[in-house]
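In this note's numbering, the protein residues as written are 204 to 296.
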C-alpha cells in the first residue's frame, strides 16, 4: 500500500498549525534521526542531500525533512523554528 499524499491546501494547513503551535523541528520522523545526530555522523564531510539519503535513509521516504536537511547541510543548523518549504526541482535545460 503506497502512502497517501496530502493535497497542497492540506499541506498549508499542516504547516500553519505547526507554526502556531510553536514547536521546533529537529529530526527526520520517518527514521527518528535528529539533525544533530546526522550532522555529527557526517562530520566535516562535504556531502549532498542525496548522500545523506543513501547513507541514512533520511529524506528518502515521506520527504518532509528534505528542506531541513538541505538547510542543515548549508548552514549547520540542526533545530528549526519555522516551517521550510521544499525547493522546486532545478531545471535540466
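Note that CB positions come from ideal geometry on N, CA and C, so glycine has one too.
For residue i, the three-state DSSP class (helix, strand or coil)
i, result
"residue 238", "helix"
"residue 245", "helix"
"residue 230", "strand"
Straight-line Cα distance separating residue j from residue i
i, j, result
"residue 253", "residue 228", "21 Å"
"residue 241", "residue 256", "11 Å"
"residue 245", "residue 238", "10 Å"
"residue 260", "residue 251", "13 Å"
"residue 279", "residue 247", "10 Å"
Buried or exposed (CB count within 10 angstroms, at least 16 for buried), residue i
i, result
"residue 231", "buried"
"residue 276", "buried"
For residue i, the nearest candidate out of the options (CA to CA)
i, options, result
"residue 273", "240, 287, 260 and 265", "287"
"residue 281", "248, 249 and 268", "268"
"residue 235", "247, 225 and 263", "263"
"residue 233", "265, 258 and 224", "265"
Residue i vs residue j beta-carbon contact at 8 Å
i, j, result
"residue 290", "residue 270", "yes"
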